[in-house]
Amino acid sequence: MTSGTASPAEDALHVSAEPRAEPSGAPAFAPIIIEPRPGWRAVDFGELWRSRELLLFLVWRDIMVRYKQTVLGAGWAIAQPLMTMLVFTLFFGRFGGMSRFFEGPYPLAVFAGLLPWQFVSTSITSSGLSLVTSANLLKKVYFPRLIIPFAAVGVHVVDMAFAFLTMAGLMLWYGVAPGAGVLALALLVPWTILTALGAGTLLSALTVAYRDFRHMIPFLVQIWMFTSPIAYPLERIPEQYRLAYAINPMVGLVSGFRAALLNYDWHWGCMAVSACSSAAMLALGLTYFRRTERRFADIV
Amino acid sequence: MTDSVIRVEGLSKDYHRAGPGAAYATLRDAVLDVARSPLKQFRKLSGRISEAERFWALRDVSFDIRRGDVVGVIGRNGAGKSTLLKVLSRIVEPTSGRVTLNGRVASLLEVGTGFHHELTGRENIYLNGAILGMTRQEIRRKFDEIVAFSEVEAFLDTPVKKYSSGMTVRLAFSVAAHLEPEILIVDEVLAVGDQAFQRKCIGKMSGVAKSGRTVLFVSHNMAAIENLCTRGIVLHHGRVVEDSTAKSAIAKYCELASHEQHLPLAERTDRQGSGQYRLVDVALVNSQSPSAAVVEMGGDWVLNLEFAGQGRISQPHVGVVITTMTGERIARVMSGETHGDLPPIDGNASFQLRIRDVNLVPGLYQLVVGFRDQATEQLDYIERAATIEVSARDAFGQGRVSDGVQSKTVCFFDCEWSVEGLLQSAGPVSVG
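So the protein sequences, as listed, match chains L and A.
As numbered in the working numbering, residues 1 to 300 make up the first sequence, in order.
As numbered in the working numbering, residues 1001 to 1432 make up the second sequence, in order.
Next up, the structure:
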């Protein structure tokens, strides 16, 4: 039996990375040191930034492949939320009687909610599985691992753009014009993306460590949808529970999108709580990812 | 500033012996573990493993590679070569020790990493280049060169799924060959493509080496190591056992191989597979010599492979590969390919194999034996399971013995000659 040489200090490993993709001939090159170091690892934003081209290439690859493999291609980005909206309108709105709780047209209110929700749900589903499906890359090439779940989210940004176009078309159809609140989208959209990144990163790392998550993700997404005010308005939740309810980040996002696009009331308190929980989820996701990252190639 | 480009100091890497168990940990196990002993679970998450579960893939490895060195890393399967390359490529992280890399590293552990079969050749060049660390401008600049080297110009806008495997490999290698790193780490990529393309690859590699860049090269191809490398490192059970010229490293490697081989099969540990069954004996039944395995050139080989183990194997598949003494594979016979499943076994079993008319030139050959269940689960896999000597004989009835060592070949074939335009008699043949 080998004698113990690993101290707790050697458990964690630190890789201080230098630009790996400088144009050839770049003279100054600080050495790369590979060694174990204790503690948690911070996210190396500099390295991520230097790998942005790879991120774009991976996003581009997934979009190209989808275009080539599917008949509808980008059509799916429009058809998916549209079909969901129709189903919701018929079953929740008409038969379920939810439409009377909204002041404006029910399909518009639902679609405004589906804009962030479809993005978050599809993003976390694909980024959750992204590391497992990219196992071969992880085992053969070095690059910042965060690129993988990020790229999976990036693909759906394109879908969201198409969904926004659809929303614009619906608003024209119903003759609803947005107010000045529409400017808030400049903050709401990045917030939506960060929420998806946080949840997606966390789920991707968890899926590598515990394969159970592969089966849990669809189930989690379903629960998340029903606990978010998409088919029903936030106002249906009794006032005293609303702030607690807003711990679900989708609460702030969905109500924010409705307020920005369709002039519904702003729920500032709920949005503040949701923003905090989004930030917490992102921090948790990135931290857990960086913590388990060193084992990916061994266990994926 | 020293001239050292790769400095490895006391590098070690361990794995869970229970490897796959850790890989497919389920949430249930984790939850139960936490419930049982929260502290232990916390230690496990932070990467601690008990000594009994440890397997050292690399143990206290140190070496120093100077600018312009072309280093061949050799060793048996499981000696730690791949782990070393993975650590140097920053894919896998060491347990202890330190590596200092002075220069831009490109590692080719596989050709065509990240190729997508739906994308066209052109698109894959960009994608693969980006994955290997090239910038877009860099790829654009070298695009024509890459295409010319790959010889697939005509199919650039065809999806790679329609390529032959040879074309895919050529395209993939071409992208990789146009990286311009100061340090190039290569794993066995030369084992791809046809002969002509392999020569081209070796040419490219020695070009890289001559331009003063550093190459670290893992291969089983001793000829390539000897031709390309200025230096050789031999790994054995995760340790460096030789670090000198390529020639003496190859000699050391062969010596280790023959040494290990003197152990009885059942006691050898340099094997892969689940271990449910183990090859315990290989006998050449029709040996010409009572003490050694000797067979005449061109003769049949009748082998008896004995496996010890327990449990039912419903679809046994046995494979035998004949290799040279330096491990180059010459031929293989797989029961699954030639005869489908063998009859089920339960407990110790032996398989007889007759290989007909083995037309190898005189010399020493080795056998690799693999044993699988249902062609999926590897039960046992062992290299150098036996050495067989092929003795010289007058195989062609010419009254002289063919000598394989002198002809520098491994195989011979039965052949016939016929000549047209015979010189009928002594004198010019008149035409017209």
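Every residue gets a Cβ at the ideal spot worked out from N, C-alpha and C, and that includes glycine.
- Contacts with chain L at 7 angstroms (Cβ-Cβ) do not include Arg-1312 of chain A.
- Here the alpha carbons of Thr-287 of chain L and Ser-278 of chain L stand approximately 14 angstroms from one another.
- The shortest CA-to-CA distance from Ser-134 of chain L to any of L:Val-221, L:Tyr-174, L:Arg-61 and L:Asp-212 is the one to L:Arg-61.
- Restricting attention to L:Ile-124, L:Phe-143 and L:Val-273, the CA atom closest to the CA of Gly-1133 of chain A is found in L:Phe-143.
- According to the DSSP assignment, Gly-75 of chain L belongs to the alpha helix (DSSP H) that extends over 75-88.
- Burial state of Glu-239 of chain L is exposed, judged by a 10 Å Cβ sphere holding fewer than 16 other Cβ atoms.
- Within the stretch 1058-1105 of chain A, the runs of beta strand (DSSP E) that reach at least 3 residues and sit entirely inside it are, in chain order, 1070-1075 and 1096-1101.
- Taking all protein chains in view, the Cβ of Trp-117 of chain L is crowded by 16 or more other Cβ atoms within 10 Å, so the residue is classified as buried.
- Contact annotation, Met-225 of chain L with Ser-121 of chain L: C-beta distance approximately 7 angstroms; criterion of less than 8 angstroms satisfied.
- Counting only runs of 3+ residues, the beta strand (DSSP E) found wholly inside the stretch 1263-1321 of chain A occupies 1277-1284, 1294-1296 and 1301-1309, in chain order.
- For Val-65 of chain L, at least one C-beta of chain A is nearer than 7 angstroms to its own C-beta.
- If you check the CB distance, Ser-228 of chain L and Pro-149 of chain L do not come in under 7 angstroms.
- Going by beta carbons, Asp-1300 of chain A and Arg-1239 of chain A fall outside the 7 angstroms limit.
- For the C-beta of Arg-1098 of chain A, the chain L residues within less than 8 angstroms are, from N- to C-terminus, Ile-33, Ile-34 and Glu-35.
- Ile-1225 of chain A sits in a helix when the DSSP states are folded into three classes.
- Taking a Cβ-Cβ threshold of 9 angstroms, none of the residues of chain L is close to Ile-1074 of chain A; the smallest such distance is about 21 angstroms.
- At a cut-off of 3 residues, the continuous stretches assigned as beta strand (DSSP E) that sit fully inside the stretch 1334-1421 of chain A are 1349-1355, 1363-1373 and 1377-1391.
- Linking Gly-128 of chain L to Glu-1110 of chain A through their CA atoms gives a straight-line distance of about 26 angstroms.
- When the beta-carbon positions are compared, Ile-1233 of chain A and Leu-1088 of chain A stay at least 7 angstroms from each other.
- In this structure, Leu-1367 of chain A sits away from Ala-1349 of chain A, with a CB-CB distance that is not shorter than 7 angstroms.
- Taking the Cα of Ala-77 of chain L as reference, the smallest distance to any Cα among L:Val-155, L:Phe-91, L:Leu-56 and L:Pro-190 is reached at L:Val-155.
- When C-beta distances to chain L are compared with 8 angstroms, every residue of the stretch 1216-1229 of chain A stays at or above that value.
- Among the residues of chain A, none has a CB under 9 angstroms from the CB of Leu-72 of chain L; the nearest is roughly 16 angstroms distant.
- Phe-1063 of chain A is not a Cβ neighbour of Val-1099 of chain A, given a cutoff of 7 angstroms.
- Rounded to whole angstroms, Glu-1337 of chain A and Leu-54 of chain L show a C-alpha spacing of 41 angstroms.
- One Cα belongs to Ala-1079 of chain A, the other to Met-160 of chain L, and the distance between them is close to 50 angstroms.
- The straight-line gap separating the alpha-carbon atoms of Glu-1416 of chain A and Gly-1114 of chain A is approximately 49 angstroms.
- Of the other Cβ atoms in all chains shown, fewer than 16 fall within 10 Å of the Cβ of Asp-1144 of chain A; this residue is therefore exposed.
- When Cβ pairs closer than 8 angstroms are counted between the two stretches, the stretch 1195-1203 of chain A is seen not to touch the stretch 1115-1132 of chain A, the count staying below three.
- Sixteen is the threshold: when 16 or more other Cβ atoms of the shown chains lie within 10 Å of the Cβ of Glu-1138 of chain A, as they do, the residue is buried.
- Judged by pairs of C-beta atoms under 8 angstroms, the stretch 1209-1229 of chain A touches the stretch 1169-1187 of chain A, as three or more such pairs exist.
- Counting only Cβ-Cβ distances below 7 angstroms, Arg-1136 of chain A has contacts in chain L at Glu-53, in chain order.
- A Cβ of chain A is located within less than 7 angstroms of the beta carbon of Val-141 of chain L.
- Shown in chain order are the members of the stretch 1107-1124 of chain A whose Cβ falls below 8 angstroms from a Cβ of chain L: Ser-1107, Leu-1109, Glu-1110, Thr-1113, Gly-1114, His-1116, Glu-1118, Leu-1119 and Glu-1123.
- Residue pairing by DSSP puts Phe-1217 of chain A in a beta bridge opposite A:Gly-1072 and A:Val-1186.
- According to DSSP, Gly-1232 of chain A shares a beta bridge with A:Gly-1072 and A:Ser-1244.
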